[in-house]
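Enquirer:
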Amino acid sequence: MISIDSNILLYAVRTFEPNHYVAKNVLDTILSQMESVAFTDIAINEFIANASNKRLSVPVTSVEQAVKQVNNWLSAPNVTVIRNSPQSFNTFVKLCERTGRTGQEIYDAQIAAICIDNGVTEFITNDKGFEKFTELRIRNPFAA
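Mapping of the sequence shown onto this note's numbering: residues 1 to 144, in sequence order.
1. Could you tell me which residues DSSP pairs with I124 in its beta bridges?
2. Tell me the residue span of the alpha helix (DSSP H) that contains A113.
3. So does the region 104–120 actually touch the region 62–70, counting three or more Cβ pairs closer than 8 Å?
4. Taking the straight line between their C-alpha atoms, what separation do you get for T150 and N7?
5. Three or more C-beta pairs closer than 8 Å, one from the region 44–53 and one from the region 18–27: is that the case here?
6. With DSSP collapsed to three states, give me the class of F16.
7. When DSSP labels each residue in this structure, what does V70 get in the three-state scheme?
8. Would you identify the three-state DSSP class for A49, choosing helix, strand or coil?
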């Protein structure tokens with residue numbers, strides 16, 4: 001199962017981003033194949049928050065437009081949403097302890113824990129903070 005970070009989702013919809021074409025191509029390919037794709041609820045929420053954040057970029061996407069886009073992605077037959085669970089909290093704590101995560105860095109560990117506990121094997125992101133989570137194969141579509 002594959003999961004996708006919010007940064008890839010954001011690049012995929014922002015046509016003015018330098019990484020737009022690659023992100024959109026990766027996302028379209030993943031959503032059109034047979035392999036299962038799991039969006040964490042956190043990545044969905046981060047996408048909506050960042051897409052609609054007036055401080056991050058112009059033009060800004062409305063919350064309504066962002067939600068419509070998420071619903072479009074979720075309508076793909078191979079897509080599910082995965083969430084935090086009591087087991088994920090235990091995994092999260094272990095990941096934080098093992099990788100020394102503190103402060104804002106803990107959010108990556110939370111996403112990784114949800115993915116690990118839901119059977120995700122590959123995580124697609126441009127965030128180097130995930131590389132220490134060896135339980136997941138990390139793919140950066142922008143890396144050479």
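Glycine residues also receive a C-beta, built at the ideal position from the N, C-alpha and C atoms.
Expert: By the coordinates alone:
1. Here residue 124 refers to the residue found at position 124 when the sequence shown is read from its first residue. Its beta-bridge partners are I4, R139.
2. Start at 1 with the first residue of the sequence shown, and residue 113 comes out as number 113. Its alpha helix (DSSP H) spans residues 106–117.
3. no
4. Past the boundaries of the shown model lies residue 150; the chain is included only from 1 to 144, so the question cannot be answered.
5. no
6. As a working note, residue 16 is residue 16 in the sequence shown. Note: F16 maps to coil in three-state DSSP.
7. Within the sequence shown, numbered from 1, the residue matching residue 70 stands at position 70. Of the three classes helix, strand and coil, the one that applies to V70 here is helix, per DSSP.
8. Within the sequence shown, residue 49 is the residue found at index 49, counting from 1. In the structure shown, A49 sits in a helix (DSSP, three-state: H, G or I).
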